[in-house]
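Have a look at the structure below, then the notes.
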Amino acid sequence: MRQESEVALRHGGELRRILENHNDQYVKRVMADHSKLLVDVLRADEAQRNAIVRDDIRNLVIAGAGSGKTRTIVGRIRFLLERKVPPTAILAVTFTNKATEEMQDRLRQMGVTIADREKAGVTVSTLHSLGKRVVQAIVTGPISVADDRWTDSLVAAVLREARTGQDPHLAELYLHAILNFHRNEDETAPAIGGDKRYRTLRGEHVRSVGERIIADFLFFNHVDYKYEAKASWASVSGGRGAYHPDFTLPESGASIEYWGVNRAGEVPAGWTTSTAEYKQGMAWKRAQFHREGKTLIEFYDYERTEGTLEAALRERLTRSSITLRPMTFEEVGKSFGDLKYIGSSIEKLLVQFITNARAMRREPKEIQPQLQRSTPRVHHFGLLGIAVLERYQAALSAEGRIDFSDMLHQAADILERGTNPLPNFEHVLVDEFQDTSAAMARFLKALVAVTGARLFAVGDDWQAIYGFAGGDVDHIINFESHFGPASTTMLNVNYRSPAVIVEAGAALIARNQKQVPKQVVISSREPGEAYVYEVSDDDSAIVDRTASLVRQELRQIPADRILVLSRTNHLLDDIIEACRRNGVPVGNPDRDVQGVRILSAHKAKGLEADVVIVANASDHLFGFPSKVENPDVLEPVRMSAGDAPAEERRLFYVAITRAMKRLHLVSRQGLPSPYLAEIEGGANPARAPDASNVRVGARFPGAFSVERLYGLSDRQKAAGIRQSGLLATSTSRMAFTSWASFNLEEGALYWLNDVVKDQPYRDQQRVKLDERTSGNLRPRSPVDRQNGGRELRPHPPPSHQPRLLQS
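Right, here's the structure in full:
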């Protein structure tokens, strides 16, 4: 049997080699037959020609930044027409109406007839338009579409009801989402820990996730409490130390104990205390309350893991005659400052939550279990998202509307039944394939299945930045698992950017674990320029330096060759105003107005400019990565969980790779974007763990930049401390004290081994360097005194090191 299997495998391998050789010979023959079109007309390079002529059932083209993606798609259509494929049998799919218009214009310039109501030709359409055509052909009467404006208005109205108290339950969910918006502690941590590492809303630290949930519930409901206050009334003897209940409620005299056991009464594996010893302690504590006639309210860790702890808190506290009075929006505002930007971010993210849930066809009851082991931010946002999703679905039903995602799913249902009201396409070409959502992928699979069409998918996983809108990079990374065996062609020559930009992008994206690996080839012989500028930690300083750089560049190049980008819209209006104040023409691509283009990074996709200025390339709320718009809260409704950090990195990659000559990065002093260290550090990401995930007392390695050094007090000097200050890694910032034999230099970058995780102080992570710690200096680039910046010096790892195109 084993021999038969080996023979079958050997024959299978031989067959594959024969087929591959046959395909290669076919490609060479066809390229020769159509050389006039491919070389003289299209001026396609070898990889582009290869992609254009390959004719497998499934064809995937990985088209890197600046590699001629659009030329390849247009060239493929021209090639098919030259091969006598009827124009009506060709479909080109885009994702936006603007992209559709641009594709149609490019094809018309090449003499291609575009299909419209009056004439037949090549069909260029968005997926949504195709889906609507399929559904409309089956249903009677017009389709009422719930577009983006309708969804935005509905979410705004629902949150308005919450703010005004019209829906008390929704108001409470909304307030919890606001209060926990910046709470990212690990909810999957053990039930009880020795360190007080979990920060409550009131500001103190407790020992477990469950205790933090209890403390926050009490605080939110105006129940005064004391954490681990001494119970002087308890009878302590036999060497037992003082008794400190988890929570004491002064107004009622009751106490709360949170038992770290599962439903079987067992403690977690790995505890130093055995289950038997823990049960003895539980019995002793209960006996103290019974003897003194005092009230003990008990909760269990299994209630946290099952997602019922908050319901249990409400029921048992109320039963014990403890009054619960939830905080109002006014009280939250007084306690936690201006909520405007948090509320605005939550509103935008709720729209994205709905979009993702609908793309995945996730019902509210399916989402709930995903929240049980998540961060406070994700958990409370998810509860609000579920409630708003239920209101959204009810409104769709009440108004007889259909949204874009469900329209694609319904269209796929129709096609999967064998009904095809569309033309019988033979070739389906898809642009920007990396942004395909679950609904889009299902529709495309159904379309090519019912028509028997060949699929030509073009995209770049390194530029997948629309996860918030339902896009999932897995569709391109694992293309064959979704669409079947495919021929893959790599377009890896960057014709847009000089070496320093290409190297910076490669060094950055190397940090992403999930990707299609590629070695980018640099076409330009120019080294290029890239600079980093540090200004004071102030919005106005960012705006002023950005506007100053724009004015400086205008001495050399036209305004429409300058592109200013920011992670969010936070500073864009101020930058636009500063430019206009100084007589700088500001462009508006949507209205065809020429001038300096000032946009968010997401809107820069597909654009290019001689000079790119990235404003606020900082470790900041509105910087890179964003701490406000980061889509981690969308994880429960996404196909590929855990992709949010990688997507933020890809967005910065898109921003910097728009540059054709020069790149300027404007950062806050002492708060550079962690992506700058990733670009320049060259450390192996697999060996640089996030310090927040390292237990106290453990040692770990990593690439660290020295952001600041502090002076030492006499007490520190007496303790033998050599240095103290602030370190930064690619993922976090932390205070440090050093007993090491070597000194660190402020502003320098080091690879350090055997760094010790120390106890946190308030919200600040801390580490120690001792006699076992060793380090190697990684030099930073020199300061460019002329313009007040310094050169960016990329250091990509060998696996992603670009190479020059051989002439």
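For the sequence shown, my numbering gives the first residue as 34, with consecutive numbering after it.
Backbone N, C-alpha and C fix where the C-beta goes; we use that ideal spot for every residue, glycine too.
By the CB criterion at 8 angstroms, Y528 and L187 fall outside the cutoff. By DSSP's assignment, A248 forms no beta bridge with any residue.
Here the alpha carbons of S706 and R741 stand approximately 15 angstroms from one another.
DSSP, read as helix, strand or coil, puts A761 in strand. L785 is positioned such that its CB atom lies no closer than 8 angstroms to that of G753. Per DSSP, the unbroken alpha helix (DSSP H) holding D507 starts and ends at D507 to I510. For A195, the closest alpha carbon among the candidates W183, H209 and R182 is that of H209. Between the alpha carbons of D665 and Q385 lies a distance of about 11 angstroms. The beta carbon of V576 sits closer than 8 angstroms to the beta carbons of L604, D607, I608, A611 and A648 from its chain, once the five residues preceding and following it are set aside; these are given in chain order. S353 and R324 have their C-alpha atoms spaced approximately 18 angstroms apart. Residue range N130 to Q142 is occupied by the alpha helix (DSSP H) that includes N130.
In the pairwise beta carbon analysis, the region 666-682 is classified as touching the region 402-421: at least three pairs are separated by under 8 angstroms.
With fewer than 16 neighbouring CB atoms inside 10 Å of its own CB, V72 falls in the exposed class. In the displayed model, P830 falls within coil according to three-state DSSP, outside both helix and strand. If the five residues before and after Y311 are omitted, its C-beta is found closer than 6 angstroms to the C-beta atoms of V300, all from its own chain and listed in chain order. Here E824 is bridged, per DSSP, to Y564. In the three-state DSSP reduction, N527 falls in the strand class (E or B). In the three-state DSSP reduction, H460 falls in the strand class (E or B).
Assigned with DSSP and collapsed to three states, Q585 falls in helix. The residues I176, I435, M440, Q443, A444 and I447, in chain order, have a CB closer than 8 angstroms to that of V168 in the same chain once the five nearest residues on each side in sequence are set aside. Around the CB of V239, 16 or more other CB atoms lie within 10 Å, so the residue is classed as buried.
Per DSSP, the unbroken beta strand (DSSP E) holding G492 starts and ends at R487 to G492. Its Cα nearest to that of K790, the residue R728 stands out among R728, G822 and Q142.
Here T388 carries a helix assignment [DSSP, helix/strand/coil]. At the C-beta level, T105 and Q81 come within 8 angstroms of one another. Here D249 is buried: its Cβ has 16 or more other Cβ atoms, across all protein chains shown, within 10 Å.
In the displayed model, Q405 falls within coil according to three-state DSSP, outside both helix and strand. Here the alpha carbons of S438 and M473 stand approximately 8 angstroms from one another. Taking the Cα of S288 as reference, the smallest distance to any Cα among T328, F253 and Y276 is reached at T328. When secondary structure is reduced to three states using DSSP, Q839 falls in the coil class, being assigned neither helix nor strand. Going by beta carbons, E713 and L825 fall inside the 8 angstroms limit.
Contact between Y566 and R578 holds: CB atoms are separated by about 6 angstroms, below the 8 angstroms threshold. Taking the Cα positions, P658 is about 7 angstroms away from R682. Taking T338 as the centre and dropping the five residues before and after it, the same chain places no C-beta closer than 6 angstroms to its C-beta. Judged by pairs of C-beta atoms under 8 angstroms, the region 111-131 does not touch the region 512-529, as fewer than three such pairs exist. DSSP, read as helix, strand or coil, puts L696 in strand.
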